[in-house]
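Number of protein chains: 2
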Amino acid sequence: MGALHEGHLSLIRMAAAENHRVVVSVYVNPTQFGVHEDLDSYPKTWETDCGMLKDLDKELAEDGNNLGGIAAVFAPTTDTMYPSGRPDQAVNAKGSFVTITPVGEVLEGASRPTFFRGVATVCMKLFNIVMPEKVYFGQKDVQQTVVIKKMVKDFCMNTEVVVGDTQRAPDGLALSSRNVYLGTRRRKVATVLSKILRVAEMSYLREHRLRDELLGPAEQLTKLLLMEQHQLPPEERVNFEIDYISLADPETMQELDEVDETRGAIISGAVKMLPVEVPQPGEDLGLSDGPPVRLIDNIILKPVKL
Amino acid sequence: MGALHEGHLSLIRMAAAENHRVVVSVYVNPTQFGVHEDLDSYPKTWETDCGMLKDLDKELAEDGNNLGGIAAVFAPTTDTMYPSGRPDQAVNAKGSFVTITPVGEVLEGASRPTFFRGVATVCMKLFNIVMPEKVYFGQKDVQQTVVIKKMVKDFCMNTEVVVGDTQRAPDGLALSSRNVYLGTRRRKVATVLSKILRVAEMSYLREHRLRDELLGPAEQLTKLLLMEQHQLPPEERVNFEIDYISLADPETMQELDEVDETRGAIISGAVKMLPVEVPQPGEDLGLSDGPPVRLIDNIILKPVKL
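Protein sequences appear in the order of chains A and B.
So the first sequence is numbered by this note's numbering: it starts at 1 and just counts up by one.
So the second sequence is numbered by this note's numbering: it starts at 1001 and just counts up by one.
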């Protein structure tokens, strides 16, 4: 969807290492935004994106270990992607859609009921147009990778889904096009989600397998981090709400009471960073004066090899 | 879906005339049958089908005008077509589906709310597996051809949809795998639908364009044909119900008040042939003792060239 960052670039690097021709798609897909979501204000940075891709292509060419480079940027119009007209963004919109349930209904799909329908539909079209041998998605949107893998399997599509690691800032915040909305104050606190998830992961690495053993410590840390902010004065504090913390099966995304260590699991979560209460003079509030920002993150608990 | 008849064979002949390799798919797709529909009793005639295809392939080879013959019969199992397990047939079933609305919701879709979802879903998979340059569908299921054309367009699929004429018995009855359920008595009366549609067509050919001018005469004939049967004694008569007679746009299948002669229209209908009231000794009631049979038919009103 454009607004490229190191996360996207790392996927292109992976693709160029393994393939002769890489096609980069840049398209802000309207049907994956809900009626009240940030479609209109979603960052569009076409010129910067092209500059970054140009630089990256040069970098790829200079490294003799790559098989290929960026052969094309596919940046279609909405008329190309929705040749019968763009469906509206309502849940009951008419149109031609791919739906993948129940995996697309839970977690992100619960908060955003049209999201995975929009994602699956546009990816089906992109795959049919580009006909890629492999498609690359970032682990940051982990449920998306699960939905796309299921779509490719269930519709007998001739492509392979490759998932690249989440790219993070040095303090652990997962890179996201939406981070530009945070501003300085919220940016510092935005690491809460990755900290909360990491606590659950630590518990798994210490060989705990029960839901309460993994999510209990995460809930305790959540309370602590919330209290920490509440104790600050309004001019300094950041308000956030945890939307969910999930422990789910890696293929079905259904919640687990216990991790089957031959399958592993996915710990994921979403946090809503609320606008700052009392902005200070000259404070950097982020793009568009710092609207509410919903951030997601996840950690894959790998199966234990027996 | 197997139970091959001349309608299917005519499509294969068309395909062999224009293509080097023809793949015939034979698969009774469970997801396009409603919960209370005839999936279990749908005619399965694999041995006969193969015999017919063998004979046809020989015929095709003997005619020097054909480009190709039958290269393969693709008769997958349900495990192949539904690799994550077969979704149930309920309207709210979970699974991976393609939906094409509103065109798939009206007419046949109104009577059979899961039908076009099942058809579009299985055809998407068949197209992805076989990767055909052209796909051949019969005009008898005209709304299906409209749904498939829309799917191919909206999902940017790399194939061309070709529609072959409806094949008919000498008395005008459209060939259908379900005709075997009719038995002698109902078979004679089953031509009512094609007669009713033809009356509407005649009106169009006499340059009438308004809905009432086309469907009025069709309704009158319907009444007459119903009365004709009601006047017969129960041992001789056939009861039928007209489900709908439609005058619709050829691309959207939405009902028309007036035909735009630059676009043309589709007159279509469905009739339910009810079981005979008083079966006579030794009477041929049709396959499975003559259950209710729903028949469909249609006539395309071609655009007038200006």
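Ideal Cβ placement from N, Cα and C applies to all residues, glycine included.
Bear in mind the structure is a predicted one, so any value in this text is a computation, not a measurement.
At least one CB atom of chain A sits nearer than 8 Å to the CB of methionine 1157/B. In the three-state DSSP reduction, valine 180/A falls in the helix class (H, G or I). For asparagine 298/A, the secondary structure class from DSSP, reduced to helix, strand or coil, is strand.
Only those residues of the region 1138 to 1168 of chain B whose C-beta falls short of 9 Å from the nearest C-beta of chain A are listed: Lys1150, Met1151, Lys1153, Asp1154, Phe1155, Cys1156, Met1157 and Asn1158. Here threonine 1114/B is not near lysine 94/A, since their CB atoms are 8 Å or more apart. Within chain B, Val1098 have C-beta atoms less than 7 Å from the C-beta of valine 98/A, given in sequence order. Excluding five sequence positions before and after lysine 302/A, the CB atoms of its chain that fall closer than 6 Å to its own CB belong to Gly264, given in chain order.
For a cut-off of 8 Å, the C-beta gap from glycine 1002/B to lysine 1044/B is around 6 Å, short enough to register as a contact. In this structure leucine 274/A is in contact with glutamate 241/A, their Cβ atoms being roughly 7 Å apart against a cut-off of 8 Å. The alpha-carbon of alanine 1248/B is positioned some 20 Å away from that of glutamine 1220/B.
Short of 8 Å from the beta carbon of phenylalanine 137/A, and not among the five residues preceding or following it, lie these beta carbons of its own chain, in chain order: Leu11, Gln144, Thr145, Ile148, Val161, Val162, Val163 and Gly164. Every alpha helix (DSSP H) stretch that sits fully inside the region 152 to 213 of chain A and reaches 4 residues is listed by chain position as 183 to 189 and 192 to 205. Bounds of the beta strand (DSSP E) holding phenylalanine 97/A are 96 to 100.
Between the region 165 to 178 of chain A and the region 1017 to 1032 of chain B, the count of Cβ pairs shorter than 8 Å is below three; the stretches do not touch. The C-beta of proline 1250/B comes no closer than 8 Å to any C-beta of chain A. CA-to-CA, the gap between lysine 1272/B and glycine 85/A works out to about 36 Å. Within chain A, the residues placing a beta-carbon under 7 Å from that of threonine 1101/B are Lys94 and Gly95, ordered along the chain.
When Cβ-Cβ separations below 8 Å define contact, lysine 1125/B makes contact with chain A.
Going by C-alpha positions, valine 1180/B is about 11 Å away from aspartate 1284/B. Contact annotation: arginine 1186/B and glycine 1290/B have beta-carbon atoms nearer than 8 Å. Between asparagine 239/A and chain B, the shortest Cβ-Cβ separation is not below 8 Å. The Cβ of proline 83/A sits closer than 8 Å to at least one Cβ of chain B. If you draw a 10 Å sphere on the C-beta of threonine 1184/B, you find fewer than 16 other C-beta atoms in it, and that means exposed.
Residue pairing by DSSP places leucine 287/A opposite no residue, since no beta bridge is assigned to it. Taking a C-beta cut-off of 8 Å against chain A, none of the residues of the region 1012 to 1029 of chain B qualify. Looking from the CA of valine 91/A, the closest CA among Glu105/A, Tyr27/A and Leu224/A belongs to Glu105/A. Look at isoleucine 1266/B: its C-beta is not under 8 Å from any C-beta on chain A. When DSSP states are grouped into helix, strand and coil, valine 1135/B belongs to the strand group. Boundaries of the beta strand (DSSP E) around glutamate 241/A: 240 to 248. DSSP places arginine 1021/B within a strand segment (E or B) once states are collapsed to three. In the three-state reduction of the DSSP assignment, lysine 272/A falls in the strand class.
Counting along the chain, the unbroken alpha helix (DSSP H) around alanine 110/A starts and ends at 108 to 111. Valine 1152/B and alanine 1120/B have their C-alpha atoms some 10 Å from each other. Leucine 39/A has its alpha-carbon roughly 37 Å from the corresponding atom of aspartate 212/A.
The Cβ of asparagine 66/A sits no closer than 8 Å to any Cβ of chain B. For glutamate 1006/B, the three-state secondary structure derived from DSSP is helix.
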